[in-house]
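In the working numbering, the protein residues as written are 12 to 123.
Here is the structure:
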């Protein structure tokens, strides 16, 4: 089992969610986060004054999948989230040792 952690632009969340639903991925956790990468923040204008913000708003999506689904899920996220501009985000793939469904005590892939 693997955890796919994707950090994407906020306006791409619905497109990613819908694309994942088409490949039967329905469970995910979404968090609003802030950070920066190579773009080092961005400039904004507030009440006529321009200022630099060090952290850019992003959305973090966490998805637990069977190892054999990783490539398809990653490709789906990339195709739905990509704008071709700086700040499109990153995808991290992490190992999951075990999963337990609290309601039924199912473990492993049965709990997904």
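Positions of the beta carbon are idealized from the N, C-alpha and C atoms, including for glycine.
Quick caveat: nothing in here was measured; it's all calculated off a predicted structure.
For this session: Tell me whether residue 45 is buried or exposed, calling it buried when 16 or more other Cβ atoms sit within 10 Å of its Cβ.
Result: exposed
Problem set entry | Separation of residue 14 from residue 78, as counted between CA atoms | 9 Å
Problem set entry | Neighbour-count burial assignment, residue 31, 16 or more Cβ in a 10 Å radius | buried
For this session: Excluding the 5 residues preceding and the 5 following residue 112 in the sequence, name in chain order all residues of the same chain whose CB lies nearer than 8 Å to its CB.
Result: 118, 121, 122
Problem set entry | Alpha-carbon spacing of residue 58 relative to residue 23, whole angstroms | 27 Å
Exercise. Comparing alpha-carbon positions, which option in 17, 68, 116, 25 lies nearest residue 47?
Worked result: 68
Exercise. If you follow the alpha helix (DSSP H) that residue 27 is part of, which residue opens it and which one closes it?
Worked result: 24 to 33
For this session: Give the single residue among 82, 74, 83 whose Cα lies nearest to the Cα of residue 18.
Result: 74
For this session: Output yes or no for whether 7 Å exceeds the beta carbon distance between residue 83 and residue 41.
Result: no
Exercise. Of the residues 93, 107, 109, 49, which one's Cα is nearest the Cα of residue 65?
Worked result: 49
For this session: Can you check the region 55 to 92 for any beta strand (DSSP E) of at least 3 residues that lies completely inside it and give the ranges in chain order?
Result: 60 to 64, 67 to 76
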